[in-house]
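Undergrad:
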Amino acid sequence: MATSVAMASLPLGRALTPWSADRRLRFRHNIQIELSSGIAFASLDQKTYAQGIKISEGNGGLPKVSLLSPHGSEAEIYLFGGCITSWKVSNGKDLLFVRPDAVFNGKKPISGGIPHCFPQFGPGPIQQHGFARNMSWSIADSDNVEGDPIITLELRDDPYSRSMWDFSFQTLYKVKLHSNSLSTVLTVSNTDKKPFSFTTALHTYFHASIAGVSVKGLKGCKTLNKDPDPSNPLEGKEEREVITFPGFVDCVYLDAPKEIFLDNGIGDVINIQNSNWSDAVLWNPYMQMESCFKDFVCVENAKIGQVHLEPEQSWTAEQKIAIS
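First residue of the sequence shown? That's 3 in our numbering, and the numbers climb one at a time after it.
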C-alpha cells in the first residue's frame, strides 16, 4: 500500500553520530538535546502533548516518550532508535523484552523491545540491520483518538546516514496504544531526485519462556533457514502447524500470512497482524546468549525483498500486536 506524505519537520539531534563530537544544541518540540563528546543529555520543559503522552528523561538521559491509556495499558518509546522498549497491558505485565546487556548511551542500538531494521535487514554493505536503530528520531506529531494516545516519530537523512547510504529520505513511524493492543504504521518516502531500494523489519523481542513458546499460522510458507549456516540459508517449506524452539532458531518465512499467533509460554497468546509486511522472521539465539535466551523470542514482521521507490514515492506497512 503506497501513500503520499506531506508532513515535514527538522530532525532531533543525532546523538551518536561520529560527525557530532563537537558541542551542539538542537531543538524540536521544546526537547533540548545537548551533545558533548557524542553523548546525549535530555533537558525537557513543560510542552503540552496530546492526552496520554508524556516526554521524560529515560535511561542514560535519553529522551523517552510514554503512552498512557485510560484503560491501564502503557508503552515507552526511546527517541534514540525510535525503539519501543515497553508495552504493558492493563494488568501491568510487560509483553516486550529488553536484553540485560542493553545499553542506553546513545552510541549503540538498544538491544530489545522493537528496534528498526532500515534500510537494510540483516548483514550487507552497510552496518548490521542498517542505521535507523542507531540514530535519534524526532517527534513529528501527537494525537489522542477516543482515549488512544498516538505519537508520530520522524527520521530523515543526515551526514551520518549519507556516509553509508547516499539518499534523501523521510521515515514516519506512527505508534498507537489501545487498551489491549499496540499498533504501528511505518511510512518510508523517497525525497531524493534518484530512485532507491531498501529492506526493512521490526525486530520485535517478546518476553517469553522459550521452553513453552509456540507459533502458529506459518504452515505452508517458503522458508530460508539460517541454521546451520547463516551465510547460506537452506530453502524449504514449513510443514508444521505449531512451531517450537528446542534449540537455535533463525528462519525467514516468505509471503507470510496477515496474521500469526504467538504463545509466549508465560500465559499469553499474542495476535500479530500485518498489512504490507510480506515476510516473517523467527529468532532465538539459544546458547549464543546463555544469560537470557530462555526469557525471550523474536517474532518479526519484515520486508526481505527489495522495496524500490522512485522520487516522491512512498511505501507503508502496518503492524498490530494484541492480546487474544
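Ideal Cβ placement from N, Cα and C applies to all residues, glycine included.
Check the DSSP bridge columns for Phe120 and list the partner residues they point to.
TA: As a position in the sequence shown, residue 120 is number 118, starting the count at 1. DSSP lists Gly132 as partners of Phe120.
Undergrad: Given this structure, state the Cα-to-Cα distance separating Tyr207 from Thr50, to the nearest angstrom.
TA: The count along the sequence shown starts at 1 and reaches residue 207 at position 205. The count along the sequence shown starts at 1 and reaches residue 50 at position 48. Approximately 31 angstroms between the Cα atoms of the pair.
Undergrad: Bridge partners for Ile112 per DSSP, in chain order?
TA: By one-based count along the sequence shown, residue 112 stands at place 110. Answer by DSSP bridge pairing: none, since Ile112 is not bridged.
Undergrad: Count the other CB atoms, across all protein chains shown, that sit within 10 Å of the CB of Asp47; report buried if there are 16 or more and exposed otherwise.
TA: The residue given as residue 47 occupies position 45 in the sequence shown. Residue placement at Asp47 is poorly supported in this model, since its pLDDT is 46, which falls under 50; the coordinates still yield a value, given next. Answer is exposed; the Cβ neighbour count stays below 16.
Undergrad: Assuming Ser185 and Gln321 make a contact with CB atoms under 8 angstroms, what is their CB distance in whole Å?
TA: As a working note, residue 185 is residue 183 in the sequence shown. As a working note, residue 321 is residue 319 in the sequence shown. Their Cβ separation, rounded to whole angstroms, is 7 angstroms, which keeps Ser185 and Gln321 in contact under 8 angstroms.
Undergrad: Can you tell me which residues form a DSSP beta bridge with Phe200?
TA: In the sequence shown, the residue the question calls residue 200 occupies position 198. DSSP output for Phe200 lists Val309 as bridge partner(s).
Undergrad: Please return the same chain residues whose Cβ sits closer than 6 angstroms to the Cβ of Ala210, not counting the five positions on each side in sequence.
TA: Counting from 1 along the sequence shown, the entry for residue 210 is found at position 208. Asn266, Gly267, Phe298 and Val299, listed in sequence order.
Undergrad: Which ranges does the beta strand (DSSP E) cover as unbroken runs of at least 3 residues, wholly within the region 51-117, from first to last along the chain?
TA: With a minimum length of 3 residues, the continuous beta strand (DSSP E) runs that stay inside the region 51-117 are 55-59, 65-70, 76-80 and 85-90.
Undergrad: What three-state label does DSSP hand Gln290 in the structure shown?
TA: For the purposes of this step, residue 290 is taken as residue 288 along the sequence shown, with counting starting at 1. Looking at Gln290 - three-state DSSP - the assignment turns out to be helix.
Undergrad: Please classify Asp231 as buried or exposed, where buried requires at least 16 neighbouring CB atoms within 10 angstroms.
TA: Taking the sequence shown and counting its residues from 1, the one referred to as residue 231 is at position 229. Exposed, by the Cβ-count rule.
Undergrad: Figure out for me which residue from Ile153, Ser216 and Ile128 has the closest Cα to the Cα of Asp270.
TA: The sequence position of residue 270 within the sequence shown is 268, counting from 1. Among Ile153, Ser216 and Ile128, the Cα nearest to that of Asp270 is on Ser216.
Undergrad: Do the CB positions of His205 and Glu302 come within less than 8 angstroms of each other?
TA: On the sequence shown, position 203 is the one that residue 205 refers to. On the sequence shown, position 300 is the one that residue 302 refers to. Yes, these two residues count as a Cβ contact at 8 angstroms.
Undergrad: Out of Lys296, Trp279, Pro248 and Ile272, which one is the CA nearest neighbour of Val254?
TA: The residue given as residue 254 occupies position 252 in the sequence shown. With distances taken between Cα atoms, Val254 lies closest to Trp279.
Undergrad: Consult DSSP for Ile272 and reduce its assignment to one of helix, strand or coil.
TA: The sequence position of residue 272 within the sequence shown is 270, counting from 1. In the structure shown, Ile272 sits in a strand (DSSP, three-state: E or B).
Undergrad: Given a threshold of 16 other Cβ atoms within 10 Å of its Cβ, counted over all protein chains shown, does His310 qualify as buried or as exposed?
TA: In the sequence shown, counting from the first residue as 1, residue 310 sits at position 308. Classification of His310: exposed, given that the 10 Å Cβ count is below 16.
Undergrad: Can you say whether Ala142 is buried or exposed, counting buried as having 16 or more other CB atoms within 10 angstroms of its CB?
TA: Start at 1 with the first residue of the sequence shown, and residue 142 comes out as number 140. That one is buried.
Undergrad: Is there at least one Cβ from chain D nearer than 8 angstroms to Ile86's Cβ?
TA: Here chain D cannot be found, since the structure has a single protein chain.
Undergrad: Quick check for students: name the residue ranges of the beta strand (DSSP E) that lie wholly in the region 233-280, counting only runs of 3 or more.
TA: The region 233-280 contains these whole beta strand (DSSP E) runs: 236-239, 251-256, 261-265 and 271-277.
Undergrad: Could you pull the start and end residues of the alpha helix (DSSP H) that Ser163 belongs to?
TA: Position 161 of the sequence shown, counted from the start, is the residue given in the question as residue 163. Run containing Ser163: Pro161 to Arg164, per the alpha helix (DSSP H) assignment.
Undergrad: In the DSSP output, what is Trp139 paired with across the bridge?
TA: For the purposes of this step, residue 139 is taken as the residue at position 137 of the sequence shown. According to DSSP, which records beta bridges pairwise, Trp139 is partnered with nothing at all.
Undergrad: If we ignore side chains and look at the alpha-carbon of each, how far apart do Ile116 and Trp139 end up?
TA: Along the sequence shown, one-based indexing puts residue 116 at 114. Along the sequence shown, one-based indexing puts residue 139 at 137. So the two alpha carbons sit approximately 14 angstroms from each other.
Undergrad: So the candidates are Asn234, Leu256 and Phe247; which of them puts its Cα closest to the Cα of Ala203?
TA: Position 201 of the sequence shown, counting from 1, holds the residue named residue 203. The option with the nearest alpha carbon to Ala203 is Leu256.
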